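Counting the sequence shown from 1 gives a position; the numbering used here is that position plus 2.
Where is the CB? At the ideal position from N, CA and C, for every residue including glycine.
Every value quoted in this text rests on a predicted model; they were computed, and no experiment measured them.
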Amino acid sequence: MWWKDSIIYQIYPRSFQDSSDDGFGDIPGIISRLDEIKELGANVIWLSPVYKSPDADNGYDISDYYAINPKFGTMNDMENLFAEAAKRGIKIIMDLVINHTSDEHEWFQKSRDPKSPYRDYYIWKPGKDSKKPPNNWTGFFMGETWEYDEQSGEYYLHLFDKKQPDLNYKNPKVIEEVKNILRFWLDKGAAGFRCDVINIIFKTSLADGKKSLAVQGLEHFKSQEGNHEVLRELRRDVLDKYDCFTVGETVFVDLPDAKLLCDENRKELNMLFFFDHLEVDRRIAQFIPKKFHAYKLLNVITKWQKGLDWNAIYLENHDQPRIVSHFGAADKDSEFWKRSAKMLALFELTLRGTPFIYQGQEIGMTNFDFKNIDELNDVVSHGLNKLMKKMCIPKFLRWKWIKASSRDNARTPMQWNDSENAGFSKGKPWLGVNRNYKLINYASQKNDPDSILAFYKKLILLRKNSKGLIYGDFIPVYADTNIMIYQRILEKEIYTIALNFSSHNIKIPKKFLHLFSSDYYQVLNASGSSEWKNELLPWEGVLFIKTA
Ligand code: TEU
3 MWWKDSIIYQ IYPRSFQDSS DDGFGDIPGI ISRLDEIKEL GANVIWLSPV YKSPDADNGY
63 DISDYYAINP KFGTMNDMEN LFAEAAKRGI KIIMDLVINH TSDEHEWFQK SRDPKSPYRD
123 YYIWKPGKDS KKPPNNWTGF FMGETWEYDE QSGEYYLHLF DKKQPDLNYK NPKVIEEVKN
183 ILRFWLDKGA AGFRCDVINI IFKTSLADGK KSLAVQGLEH FKSQEGNHEV LRELRRDVLD
243 KYDCFTVGET VFVDLPDAKL LCDENRKELN MLFFFDHLEV DRRIAQFIPK KFHAYKLLNV
303 ITKWQKGLDW NAIYLENHDQ PRIVSHFGAA DKDSEFWKRS AKMLALFELT LRGTPFIYQG
363 QEIGMTNFDF KNIDELNDVV SHGLNKLMKK MCIPKFLRWK WIKASSRDNA RTPMQWNDSE
423 NAGFSKGKPW LGVNRNYKLI NYASQKNDPD SILAFYKKLI LLRKNSKGLI YGDFIPVYAD
483 TNIMIYQRIL EKEIYTIALN FSSHNIKIPK KFLHLFSSDY YQVLNASGSS EWKNELLPWE
543 GVLFIKTA
């Protein structure tokens, strides 16, 4: 299957490359950077939403699935993008956001009339005892999940922002609409879809949820039987007729759920994004930090590597802080920014599954040193701030947590070079450019063989030519608080990987030294040092390769 040995590059269009100098990335900008993506070694692009949208949630609130947001360009530009990408052997997958639409979508506007045939496209309900919402569910954006609509005299459900009303998947007409959307984009040339929050689209009942600090009501809409049925129907009636794949974004997913969703015989999704690995050092809906232990990370990764036949592997996306700030040294010990970024590249690219690389990850972009809440655009950060204020959490703590977790950390413009606005745009960027762009940018790494970018390219090439790194078994070997060791094995190919997540030199435990005997192994390491002294340097990663 071609998507198994692919390398996928995620583009967040508004922050990638601006060609019109309005401060907003666009499709012609993406076309102008396809060569860089090809040089990296990626052969698939996942494009975050470019559809028409009022941008209440940066395009994840779609008002027309068949039109392009004019800020990004035209349908003609999009067709050019498919064609130019294809010329370079690059496929494109689209973001499928179908749990909700924008409240400005024509369907929703029509559905506000209780007599409209569109009424049942959404989930409308009268309030409890006149003025109270129909149930006690709480949303993904730290706020209410029901909005009262004067015109209708009823509430509508929105698990995200109030400008993102949830569609009603008990209505077969909604499923037919989705099939049409899929066909439209597949016929245009899409090679598949990244399916937004795809495991919560079916609401079995609207009863009150169990009390919970996170999202309350989950048991009524996470991985419901009806949800599985919808996925099977989409696959059977549309997706299976094309050479394409799907990757689900599955929130709060656990392994038993995931096994059902990705079982090849059930024909639902091809692979999915889980969140566990990025939450090993955070608690309560990802916001409150706790101590990092490498063994916890290895445990989680082992669970998924062994539990599923195929994984979608990622360390970054547009919702997560930058990995070199999160698990790496950028914010703790910046001397090792570069080495830790390479160590994390080694981690991601030596796991079994299809790797997804998020724009800027390949040059080690870091979190942004935002100074106050007004510098942030993210709806989640603002929602969280409001909620914590209500809970009387002191300002300095609120800011500390929001700053580290804000989705805007990943959304600042791509740092292409050291010219004004990092070469992203000549206009004022929609979100501030990271102040470190003179130090961290694509141009300065392009021809430097010691750069993070060069390391990514080398690893991607190695992976492409090594069946063992793509398909080999995953064998956990050892982990403690600071380091982890694992192997990938396929017949006579043996890969041994050791990663150091700390600022100290750490000796490989004696018991495992035999795995690193360099007389018959070839070594690739993140520190670039050529001598192996049976220890890991601070933030170093090493890969020992033995092929018979
Ligand atoms: O994300 C789903 C989701 O659960 C996150 O928004 C999560 O709540 C957030 O990351 C907490 O930090 C998807 C998209 O990736 C996201 O960008 C959208 O905002 C969301 O769905 C709604 O479409």
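Minimum C-alpha distance to residue i - residue among the options
| i | options | result |
| --- | --- | --- |
| Leu-492 | Tyr-523, Asp-242 and Thr-549 | Thr-549 |
| Glu-270 | Asp-278, Glu-281 and Thr-248 | Thr-248 |
| Leu-461 | Met-345, Lys-428, Glu-537 and Leu-378 | Met-345 |
| Ser-22 | Phe-74, Leu-169 and Trp-339 | Phe-74 |
| Glu-149 | Phe-143, Asp-163 and Asn-527 | Asp-163 |
| Phe-483 | Gln-218, Ser-17 and Asp-283 | The question names Phe, but residue 483 is Thr in the sequence shown. Looking at the Cα atoms, Asp-283 is the closest of the given residues. |
| His-320 | Ala-296, Asn-369, Trp-4 and Asn-467 | Asn-369 |
| Ser-8 | Ile-477, Tyr-488, Leu-526 and Tyr-473 | Tyr-473 |
| Tyr-522 | Leu-441, Ser-529, His-107 and Phe-546 | Phe-546 |
| Ala-424 | Gly-191, Leu-517 and Gln-19 | Gln-19 |
| Asn-449 | Lys-305, Pro-540, Ile-485 and Asn-419 | Asn-419 |
| Asn-379 | Gln-361, Ala-412, Pro-136 and Ile-33 | Ala-412 |
| Asp-151 | Gly-330, Lys-334, Tyr-124 and Phe-503 | Tyr-124 |
| Pro-475 | Leu-263, Trp-306, Lys-130 and Leu-36 | At residue 475 the sequence reads Asp, which differs from the Pro that was named. Checked all of Leu-263, Trp-306, Lys-130 and Leu-36; the closest Cα to Asp-475 is Trp-306. |
| Arg-409 | Glu-422, Ile-395, His-384 and Leu-399 | His-384 |
| Ser-342 | Glu-422, His-516, Pro-540 and Ala-209 | Pro-540 |
| Asn-467 | Leu-351, Val-180 and Lys-428 | Leu-351 |
| Tyr-171 | Thr-103, Lys-112 and Pro-135 | Thr-103 |
| Ala-209 | Leu-215, Phe-84 and Leu-159 | Leu-159 |
| Glu-495 | Gly-470, Pro-511 and Phe-503 | Gly-470 |
| Gly-299 | Phe-275, Asp-256, Phe-349 and Phe-338 | Gly is not the amino acid found at residue 299; the sequence shown has Leu there. The shortest Cα separation from Leu-299 among Phe-275, Asp-256, Phe-349 and Phe-338 belongs to Phe-349. |
| Gly-366 | Lys-212, Ile-395, Arg-324 and Lys-440 | Arg-324 |
| Ser-50 | Ser-17, Asp-66 and Ser-65 | Ser-17 |
| Ile-39 | Gln-12, Phe-276 and Asn-60 | Gln-12 |
| Phe-223 | Trp-109, Leu-441, Trp-432 and Thr-140 | Thr-140 |
| Pro-116 | Pro-451, Cys-197, Ile-510 and Pro-128 | Pro-128 |
| Asp-37 | Glu-106, Asn-173, Lys-89 and Asp-28 | Lys-89 |
Check: residue i C-beta below 8 Å from any heavy atom of ligand 1
| i | result |
| --- | --- |
| Phe-294 | no |
| Val-180 | no |
| Arg-324 | no |
| Glu-251 | yes |
| Tyr-62 | yes |
| Phe-26 | no |
| Ser-407 | yes |
| Leu-101 | Inspection of the sequence shows that residue 101 is occupied by Asn rather than by Leu. Checking the Cβ of Asn-101 against ligand 1 gives yes. |
| Gln-166 | yes |
| Asn-313 | no |
| Asp-198 | yes |
| Phe-142 | yes |
| Val-544 | no |
| Asp-242 | no |
| Phe-18 | no |
| Asp-321 | yes |
| Asp-59 | yes |
| Val-382 | yes |
| Phe-162 | yes |
Contact with chain C by residue i, beta-carbon distance below 9 Å
| i | result |
| --- | --- |
| Lys-213 | Any reference to chain C falls outside this structure, which holds one protein chain only. |
Ignoring anything shorter than 4 residues or poking outside the region 280-343, list the alpha helix (DSSP H) runs there in chain order. The region 280-343 contains these whole alpha helix (DSSP H) runs: 296-309 and 325-328.
Quick one: which unbroken alpha helix (DSSP H) runs of 4-plus residues sit fully inside the region 150-198? Chain order, please. If we require 4 residues or more, the alpha helix (DSSP H) runs fully inside the region 150-198 come out as 174-190.
Answer yes if the region 350-357 comes into contact with the region 313-327, meaning at least three C-beta pairs across the two stretches below 8 Å, and no otherwise. The region 313-327, when compared against the region 350-357, does touch it at the 8 Å Cβ threshold.
Touching by the beta-carbon criterion (3+ pairs, under 8 Å), the region 435-444 and the region 365-381: A contact is defined here as three or more CB-CB pairs under 8 Å, and the region 435-444 meets this definition with respect to the region 365-381.
My parser needs the alpha helix (DSSP H) runs of 4 or more residues fully inside the region 70-100; what are they? For the region 70-100, whole alpha helix (DSSP H) runs of length 4 or above, ordered along the chain, are 77-89.
Below 8 Å, how does it come out for the region 216-228 and the region 133-150: are there three or more Cβ pairs, yes or no? Output reads yes: the region 133-150 touches the region 216-228.
Quick one: any contact between the region 289-298 and the region 450-461, if contact means 3 or more CB pairs under 8 Å? Under the Cβ criterion (8 Å, minimum of three pairs), the region 289-298 does not count as touching the region 450-461.
Meets three-Cβ-pair contact criterion under 8 Å: the region 376-392 and the region 403-412: Taking a cut-off of 8 Å on C-beta distances, the region 376-392 touches the region 403-412, as three or more cross pairs fall below it.
Looking at C-beta atoms only, is the number of pairs between the region 192-207 and the region 252-264 that lie closer than 8 Å three or more? Counting Cβ pairs under 8 Å, three or more are found: they touch.
Please specify which runs of the alpha helix (DSSP H), each continuous and at least 4 residues long, are wholly inside the region 349-427, giving them in chain order. Counting only runs of 4 or more residues that sit fully inside the region 349-427, the alpha helix (DSSP H) segments are 381-392 and 397-407, in chain order.
Any beta strand (DSSP E) of 3 or more consecutive residues that is wholly inside the region 433-511: Entirely contained in the region 433-511, the beta strand (DSSP E) runs reaching 3 residues are, in chain order, 475-481, 485-492 and 495-502.
When the Cβ atoms of the region 155-169 are set against those of the region 65-82, are three or more pairs found closer than 8 Å? Counting C-beta pairs closer than 8 Å gives fewer than three between the region 155-169 and the region 65-82, which falls short of the contact rule.
Of all the alpha helix (DSSP H) runs that stay within the bounds of the region 198-243, which reach a length of 4 or more residues? Runs of the alpha helix (DSSP H) inside the region 198-243: 227-239.
List, from N- to C-terminal side, the beta strand (DSSP E) runs of 3 residues or more that fit wholly inside the region 506-549. If we require 3 residues or more, the beta strand (DSSP E) runs fully inside the region 506-549 come out as 524-527 and 543-549.
Alpha helix (DSSP H) runs contained entirely in the region 239-280, provided each spans 4 or more residues: 257-264, all fully within the region 239-280.
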